[in-house]
Amino acid sequence: MNNPVAVLRDIERYGVDHRSPFNLTPLMSAARAGNIALVQLLLERGADPLLTGNDGLAAYHQVLSAAVSTPRYAQQKSAQLYTLLKPESLSLQVEGRLIKLDNRQMAMFLVILMQALFHTHLGSALFFSEAFSAARLAECVVHLPEALLPERRKRRSYISSQLSQHEVNSKNPYGKKLFLRLNHGQYILNPGLKIRQGDVWRAVYELQSPEDLGHNLQTYLQDMSPELVDMLGGKKGFYERSEKSVGYWVGGIRRAAQKA
Numbered sequence: 001m002n003n004p005v006a007v008l009r010d011i012e013r014y015g016v017d018h019r020s021p022f023n024l025t026p027l028m029s030a031a032r033a034g035n036i037a038l039v040q041l042l043l044e045r046g047a048d049p050l051l052t053g054n055d056g057l058a059a060y061h062q063v064l065s066a067a068v069s070t071p072r073y074a075q076q077k078s079a080q081l082y083t084l085l086k087p088e089s090l091s092l093q094v095e096g097r098l099i100k101l102d103n104r105q106m107a108m109f110l111v112i113l114m115q116a117l118f119h120t121h122l123g124s125a126l127f128f129s130e131a132f133s134a135a136r137l138a139e140c141v142v143h144l145p146e147a148l149l150p151e152r153r154k155r156r157s158y159i160s161s162q163l164s165q166h167e168v169n170s171k172n173p174y175g176k177k178l179f180l181r182l183n184h185g186q187y188i189l190n191p192g193l194k195i196r197q198g199d200v201w202r203a204v205y206e207l208q209s210p211e212d213l214g215h216n217l218q219t220y221l222q223d224m225s226p227e228l229v230d231m232l233g234g235k236k237g238f239y240e241r242s243e244k245s246v247g248y249w250v251g252g253i254r255r256a257a258q259k260a
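The numbering of the sequence shown is UniProt numbering, which starts it at 1 and goes up by one.
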């Protein structure tokens, strides 16, 4: 992604939204790499920022994912890239009701953020019977610049109020039933949520499969201290417990989706 001449040559040959072997478009890869000039050029050439890869992530998701994992990227690249790529709105369907969120609403940002962190954060959280808490999400956005997310919206208390307001069983008249509470203070996207992609409505866990969360356990191990791995019974014990714990929650997510 550091050679725009080669990228331009490829898009002339294969089209601006051609796919890599990993089903990524040039725009997704440029966004992940933090190449602002190339992102601008691809958009000028007509690249579609709403297309998603095998992981269910669009280019704007890639920006948030990279920003959460890399503070330097967050501080130097994320605001400009997210402004270029973010959708104006999200069209959702919950319990047969149509909902439109615009990009000024924190609720829309939280939906996108949970999607962006699905593969990197949710699996390891489910292992400990956790999910997305206000505290965890506040930690994830701490390095985002003011231009991307105002300081007041990074506060744990503010995030918590948004999760509670838009939870499935909330009595708030302005609630949109976007999130399902698994445990006290632990949320995921509502399994009954559908997102509009073009002319098609896609179930949120059709775009991103919960079954995939248990596939890359090696990633979770890398983030754990040797002492914690030993406490969990070593690598073998970790894998066995992961399969059981993550599988339990995946089953619950699927059952909730069927009831929706």
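Just so you know, even glycine gets a beta-carbon here, dropped at the ideal spot from N, CA and C. None of these values were measured; they are calculated from a predicted model.
- Annotation for V68: no beta strand (DSSP E) segment contains it, though the alpha helix (DSSP H) segment containing it runs A59 to S69.
- Across the structure, Y14 and G53 are spaced so that their CA atoms are roughly 17 Å apart.
- Within the DSSP bridge table, the entry for N183 names Q186 as partners.
- For Q76, no alpha helix (DSSP H) run applies, since DSSP gives it neither H nor E.
- A direct Cα-Cα distance of roughly 20 Å separates Q208 from C140.
- In terms of CA proximity to E88, D102 leads the group H61, D102, S78 and P226.
- A distance below 6 Å between beta-carbons, with the five flanking residues on each side excluded, links F118 to the following residues of its chain, in chain order: Q208.
- The criterion of a C-beta distance shorter than 9 Å is not satisfied by A47 and L81.
- Just measuring C-alpha positions, the residue of E167, P145 and H184 sitting nearest L193 is E167.
- The shortest C-alpha to C-alpha distance from F109 to any of A33, L144 and A131 is the one to L144.
- Y73 and G34 do touch by the CB rule: their CB atoms are close to 5 Å apart, below 8 Å.
- Between G175 and L85, the alpha-carbon positions lie close to 27 Å from each other.
- The three-state secondary structure of K259, taken from DSSP, is helix.
- DSSP, read as helix, strand or coil, puts L148 in coil.
- Considering only L98, A203 and M114, the residue with the shortest C-alpha distance to A257 is A203.
- Listed in chain order, the non-local C-beta contacts of A125 below 8 Å within the same chain comprise A131, F132, R136 and Q186, local neighbours out to five positions each way being set aside.
- The alpha-carbon of L38 is positioned some 9 Å away from that of N3.
- In this chain, R155 is not harboured by any alpha helix (DSSP H), its DSSP state being neither H nor E.
- Going by C-alpha positions, K77 is about 14 Å away from M28.
- In the same chain as N23, and ignoring 5 residues on each side of it, the C-beta atoms closer than 8 Å to its own belong to G53 and N54, in chain order.
- C-alpha of L113 to C-alpha of K259: approximately 25 Å in a straight line.
- Beta-bridge pairing by DSSP links S89 to D102.
- Residue burial is scored here from C-beta neighbours: K177 has at least 16 other C-beta atoms within 10 angstroms and is therefore classed as buried.
- Taking I253 as the centre and dropping the five residues before and after it, the same chain places the C-beta of P191 and P210 closer than 6 Å to its C-beta, in chain order.
- Residue pairing by DSSP places Q197 opposite V200 in a beta bridge.
- Taken through DSSP and simplified to helix, strand or coil, V111 comes out as helix.
- Per DSSP, the continuous alpha helix (DSSP H) segment holding D10 begins and ends at P4 to Y14.
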